[in-house]
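Chemist:
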Amino acid sequence: MKAEERWQARFRASRMTLPSWARQAPNRAIYRSNATGKWEVYAWDRVTGATRQVTDQPKGTAYAAIDPTGQWIYWFADTDGDEYGQWWRRPFTGGPGQPVAPDLPPGQPGGIALSTTGVAAISLAGEGTFRVHLVREGQPTETLYEHTEAAWVAAMSLDGSLIAINHGEYGDFRHPALRVVRQNGHVVGELHDGPGRGVVGLSFAPIVGDRRLLALHERRSRDEPLVWDPVTGEQREIWLRDPGDLHAEWYDDGRGLLILRDDRARSHLHRYDLRGGGLTPIETPHGVIDEARPRPGGHVEYSWSSASRPPIVRSSNGQVVVNPIGPPAPPSVPVEDIDVEGEGGRIHALVSRPETGQAPYPTVFLLHGGPTAHDRDAFSPTVAAWVDAGFAVVRVNYRGSTGYGSAWRDALHGDVGHIELADVAAVRQWVVDHGIADPGRTLLAGTAWGGYLTLLGLGTQPDLWACGIAAVPIACHQTSYEDEAESLRAFHRALLGGSPEEQPERYAASSPITYVDQVKSPLLILAAENDTRCPLRQIEKYVTKLEEHGRHHEVYTYDAIRGSLVVAERIAQTALQLEFARKHIG
């Protein structure tokens with residue numbers, strides 16, 4: 017297979033998410049798949065094996081849920097792909113769809129929580145306000161919670177009596193507090209650990225009448241599980257000796273927790289016994305687990321991949337849960353780990369080398385989004401495409417990344433953007449010194465926050481980069497703040513210490529548009545016309561400045577924020593980026 021056919025085949029190969037099943041009807045499940053060329057929701061009867069496509073939106077579907085009884089499938093409908101719309105549902109067995117709360121105006125989704133009684137809680141943001149609404153069959157929608165600071169519904173007890181809400185009322189959206197209320201809005205309990213220590217709700221115990229809420233806290237400088245009874249106030253912290261950030265899921269009987277541990281770009285599973293406190297490792301292949309969930313009976317299903325092996329849904333009993341439709345994605349190369357000493361501490365990065373050619377290679381630094389995310393040893397058609405094109409790929413888990421503890425994640429204070437780029441520059445120097453990267457052919461690229469860092473890097477480190485590719489970037493923090501969705505405004509305030517009016521110097525110092533006159537290298541910008549995260553107007557202002565200074569640039573626009581859910585759009589954008597790199601680097 018030719019290189020171009022191989023990398024495109026990875027994008028076209030059918031993929032699916034880990035199936036989610038109904039708590040009281042575990043043989044009724046849903047998953048999302050790109051089998052039709054865009055990511056949509058499917059219903060799966062695990063007894064008969066029958067599957068059925070549930071959604072069909074022009075730009076794909078990103079958010080879906082199944083209610084605990086298995087009667088209804090819910091999804092967020094935003095036909096323009098701009099993450100602005102309403103929640104809908106239809107019966108699991110088929111039938112017409114219907115809006116969940118037709119009396120509410122459209123908004124930005126902030127989660128959904130479902131019960132066995134038919135009561136639902138949905139959160140929507142719009143017009144400077146975050147709201148959680150209570151939806152009952154045949155009754156007007158009630159507003160359960162409302163605030164100008166960011167909030168979202170985290171969970172609902174199976175009987176619908178308790179609703180958990182995460183909120184940023186204390187002024188720090190990045191470290192939220194957790195509140196539990198009843199259907200009448202009465203506050204049952206609240207967890208707030210103070211500045212720099214968030215508490216995030218996950219799910220109530222999977223037993224009707226059980227009040228225990230599973231959450232994550234940061235009391236020991238990393239994400240760790242906590243079991244909390246909001247009525248009595250009793251708390252039980254779950255501590256592991258092993259390093260890494262932790263996530264958790266309930267076992268079906270409520271007596272144990274499945275612990276998912278992320279450490280140095282790999283994943284590990286453990287079962288924690290809530291009765292005796294025993295911890296048992298669960299054997300999984302070396303790589304990354306995107307999601308994991310215990311099934312009735314005690315075995316665990318999980319979605320797994322590695323940099324060299326495409327995704328598959330496995331079970332801890334040794335079986336493959338479901339095989340994707342059609343031929344599998346061609347494999348790629350494994351990653352190498354490197355550790356580089358930086359000004360803020362040791363930086364972990366991943367390197368993928370091409371199978372052909374000789375070092376030093378032309379090298380692309382692919383910067384992840386977020387910034388609260390991190391690159392892992394997971395299968396990536398994008399990384400594999402660059403490798404097939406003869407490039408080494410370097411991915412840096414710079415300060416601000418998750419997976420390395422709270423202090424590393426929260427290091428972006430006062431010098432946002434420049435901190436991350438200092439780490440990127442340190443890693444670049446390391447791969448040049450070790451003969452991996454050709455210093456005259458290093459390319460900076462990224463999407464969203466990674467695209468922002470690309471623009472900022474070309475302006476503040478102009479001598480390091482031969483060219484740049486920025487997809488849906490932030491180019492001007494102030495203008496972006498004016499146009500972006502409410503949750504992103506809350507994030508901006510938390511990250512930069514206030515609004516643009518309150519912190520104008522910080523917004524300017526961290527904005528790529530401030531340094532546009534220093535850009536030397538050719539630049540490709542990809543922008544989405546309906547983007548509510550990195551709005552188009554602020555990118556247009558940046559492009560105008562590039563033109564005024566006579567800087568070489570190309571701009572590609574498409575019509576939706578979620579082009580990543582449409583396979584053909586992802587292939588078109590990847591081909592465009594590879595051609596741009598060949599043209600300017602060789």
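Residue numbering for the sequence shown is 17 to 602, as defined by this note's numbering.
Ideal placement from N, C-alpha and C gives every residue a C-beta, glycine not left out.
Note that the structure is predicted; figures quoted are calculated from it, not measured.
Apart from the five residues on each side of it in sequence, which residues of its chain come closer than 7 Å, Cβ to Cβ, to threonine 71?
Modeler: Along the sequence shown, read from residue 1 onward, the residue named residue 71 stands at position 55. Glu56, Val57, Thr77, Trp91, listed in sequence order.
Chemist: Is glutamine 251 buried or exposed, if buried means 16 or more other CB atoms sit within 10 Å of its CB?
Modeler: If you number the sequence shown from 1, residue 251 lands on position 235. That one is exposed.
Chemist: Taking the continuous alpha helix (DSSP H) assigned at aspartate 439, which residues delimit it?
Modeler: Position 423 of the sequence shown, counted from the start, is the residue given in the question as residue 439. Start and end: 434-449.
Chemist: For a test of the three-state rule: what should DSSP assign to valine 57, helix, strand or coil?
Modeler: Looking up residue 57 in the sequence shown gives position 41. Valine 57: strand per DSSP, three-state reduction.
Chemist: Excluding five sequence neighbours on each side, which residues of the same chain lie with their C-beta closer than 8 Å to the C-beta of valine 203?
Modeler: Start at 1 with the first residue of the sequence shown, and residue 203 comes out as number 187. Within the same chain, valine 203 has close Cβ partners Arg195, Val196, Val197.
Chemist: Residue range of the alpha helix (DSSP H) that threonine 476 falls in?
Modeler: Translated into positions along the sequence shown, residue 476 becomes position 460. Run containing threonine 476: 465-476, per the alpha helix (DSSP H) assignment.
Chemist: What does the alpha-carbon distance come out to for the pair glutamine 494 and serine 537?
Modeler: Against the sequence shown, residue 494 aligns to sequence position 478. Against the sequence shown, residue 537 aligns to sequence position 521. Glutamine 494 and serine 537 have their C-alpha atoms spaced approximately 25 Å apart.
Chemist: Distance check for valine 169 and valine 116, CA to CA, integer angstroms please.
Modeler: For the purposes of this step, residue 116 is taken as residue 100 along the sequence shown, with counting starting at 1. For the purposes of this step, residue 169 is taken as residue 153 along the sequence shown, with counting starting at 1. Approximately 16 Å between the Cα atoms of the pair.
Chemist: From what residue to what residue does the alpha helix (DSSP H) around leucine 366 run?
Modeler: Sequence index remark: in the sequence shown, residue 366 carries index 350 (1-based). Not the alpha helix (DSSP H): leucine 366 falls in the beta strand (DSSP E), residues 361-368.
Chemist: Could you name the residues that DSSP lists as bridge partners for alanine 221?
Modeler: Reading the sequence shown from its first residue, position 205 is the one you call residue 221. For alanine 221, which the question treats as bridged, DSSP gives no partner whatsoever.
Chemist: If I measure Cβ to Cβ from arginine 44 and keep anything under 6 Å in the same chain, skipping five residues before and after, which residues do I get?
Modeler: Working through the sequence shown from its first residue, we reach residue 44 at position 28. Excluding positions up to five away in sequence, the list reads Ala38, Gly86, Phe108.
Chemist: Would you call valine 582 buried or exposed, if buried means 16 or more other Cβ atoms sit within 10 Å of its Cβ?
Modeler: Residue 582 sits at position 566 when you count from the first residue of the sequence shown. The residue in question, valine 582, is buried, as its Cβ has 16 or more Cβ neighbours within 10 Å.
Chemist: Use the C-beta contact count for tryptophan 60: other C-beta atoms within 10 angstroms, 16 or more gives buried, fewer gives exposed.
Modeler: Here residue 60 refers to the residue found at position 44 of the sequence shown. Buried, by the Cβ-count rule.
Chemist: Measuring alpha carbon to alpha carbon, tell me which of Ile275, Gly303, Val216 ends up nearest alanine 231.
Modeler: Here the question's residue 231 lines up with position 215 in the sequence shown. Alanine 231 has its Cα closest to that of Val216, out of Ile275, Gly303, Val216.
Chemist: In or out: lysine 75 buried (at least 16 other Cβ within 10 Å) or exposed?
Modeler: Position 59 of the sequence shown, counted from the start, is the residue given in the question as residue 75. Lysine 75 comes out buried.
Chemist: Could you tell me if histidine 263 is buried or exposed, where buried requires 16 or more neighbouring beta carbons within 10 angstroms of its beta carbon?
Modeler: For this step, residue 263 is matched to residue 247 along the sequence shown. Histidine 263 is buried by the Cβ-count criterion.
Chemist: Would you tell me roughly how many angstroms separate the C-alpha atoms of valine 356 and aspartate 391, rounded to the nearest one?
Modeler: Along the sequence shown, read from residue 1 onward, the residue named residue 356 stands at position 340. Along the sequence shown, read from residue 1 onward, the residue named residue 391 stands at position 375. Rounded to the nearest angstrom, the two C-alpha atoms are 16 Å apart.
Chemist: Rounded to a whole number of angstroms, what is the C-alpha to C-alpha distance between isoleucine 611 and glycine 270?
Modeler: What is shown of the chain runs 17 to 602, which leaves residue 611 out entirely.
Chemist: Please classify alanine 129: is it buried, with 16 or more other beta-carbons within 10 angstroms of its beta-carbon, or exposed?
Modeler: Here residue 129 refers to the residue found at position 113 of the sequence shown. So alanine 129 counts as buried.
Chemist: Do leucine 471 and proline 455 have their C-beta atoms within less than 8 Å of each other?
Modeler: One-based indexing of the sequence shown puts residue 471 at position 455. One-based indexing of the sequence shown puts residue 455 at position 439. No.
Chemist: Report the option in Pro516, Gln554, Tyr574 whose CA atom is closest to the CA atom of cysteine 492.
Modeler: Taking the first residue of the sequence shown as position 1, residue 492 is located at position 476. Nearest C-alpha to cysteine 492: Gln554.
Chemist: How many angstroms separate the CA atom of serine 539 from the CA atom of glycine 602?
Modeler: Position 523 of the sequence shown, counting from 1, holds the residue named residue 539. Position 586 of the sequence shown, counting from 1, holds the residue named residue 602. The question names serine, yet the displayed sequence has leucine at residue 539. So the two alpha carbons sit approximately 15 Å from each other.
Chemist: Once you ignore the five residues that flank leucine 383 on each side, which residues in its own chain have a CB closer than 6 Å to its CB?
Modeler: Taking the first residue of the sequence shown as 1, we reach residue 383 at position 367. Excluding residues within five positions, the ones whose Cβ falls inside 6 Å are Gly462, Gly466, Leu469.
Chemist: Quick one: what's glutamate 162 bridged to in DSSP?
Modeler: As a first step, residue 162 is located in the sequence shown; it is residue number 146 there, counting from the start. Per DSSP, Arg147.
Chemist: What separation, rounded to the nearest whole angstrom, lies between the Cα atoms of glycine 294 and threonine 157?
Modeler: Here residue 294 refers to the residue found at position 278 when the sequence shown is read from its first residue. Here residue 157 refers to the residue found at position 141 when the sequence shown is read from its first residue. If you draw a straight line from the Cα of glycine 294 to the Cα of threonine 157, it comes to about 44 Å.
Chemist: So, for glycine 373: in the same chain, excluding its five sequence neighbours on each side, which residues have a beta-carbon less than 8 Å away from its beta-carbon?
Modeler: Locating residue 373 in the sequence shown gives position 357, counting from the first residue. Around glycine 373: Gly406.
Chemist: Just curious, the beta strand (DSSP E) that histidine 183 is in, first and last residue?
Modeler: Taking the first residue of the sequence shown as position 1, residue 183 is located at position 167. Unbroken beta strand (DSSP E) run through histidine 183: 178-183.
Chemist: Helix, strand or coil for tryptophan 244, going by three-state DSSP, please let me know.
Modeler: In the sequence shown, counting from the first residue as 1, residue 244 sits at position 228. Strand at tryptophan 244.
Chemist: Taking all protein chains shown into account, decide if tyrosine 186 is buried (16 or more other Cβ within 10 angstroms of its Cβ) or exposed.
Modeler: Position 170 of the sequence shown holds residue 186. That one is exposed.
Chemist: Give, in chain order, every unbroken run of the beta strand (DSSP E) that is at least 3 residues long and sits entirely within the segment 109-155.
Modeler: 124-130, 136-142, 145-151
Chemist: At the level of alpha carbons, what is the spacing between glycine 451 and arginine 598?
Modeler: Within the sequence shown, residue 451 is the residue found at index 435, counting from 1. Within the sequence shown, residue 598 is the residue found at index 582, counting from 1. Taking the CA atoms as reference points, glycine 451 sits about 21 Å from arginine 598.
Chemist: Alpha carbon to alpha carbon, how far is proline 397 from leucine 511? Give it in angstroms, no decimals.
Modeler: As a first step, residue 511 must be located in the sequence shown, where it is residue number 495. As a first step, residue 397 must be located in the sequence shown, where it is residue number 381. Roughly 31 Å separates the two Cα atoms.
Chemist: Where tryptophan 23 and isoleucine 181 are concerned, what is the direct C-alpha to C-alpha distance, given to the nearest angstrom?
Modeler: Numbered from its first residue, the sequence shown carries residue 23 at position 7. Numbered from its first residue, the sequence shown carries residue 181 at position 165. Spanning the alpha carbons of tryptophan 23 and isoleucine 181 requires a straight line of approximately 42 Å.
Chemist: Buried or exposed: where does asparagine 200 fall if 16 or more other Cβ atoms within 10 Å of its Cβ makes it buried?
Modeler: Position 184 of the sequence shown holds residue 200. Residue environment: asparagine 200 is assigned as exposed (fewer than 16 neighbouring CB atoms within 10 Å of its CB, all protein chains considered).
Chemist: Roughly how many whole angstroms lie between the Cα atoms of glutamate 162 and glycine 314?
Modeler: In the sequence shown, counting from the first residue as 1, residue 162 sits at position 146. In the sequence shown, counting from the first residue as 1, residue 314 sits at position 298. Near 40 Å, if we compare the C-alpha coordinates of glycine 314 and glutamate 162.
Chemist: Could you give the distance in angstroms between the alpha-carbon of alanine 486 and the alpha-carbon of phenylalanine 220?
Modeler: Here the question's residue 486 lines up with position 470 in the sequence shown. Here the question's residue 220 lines up with position 204 in the sequence shown. Roughly 41 Å separates the two Cα atoms.
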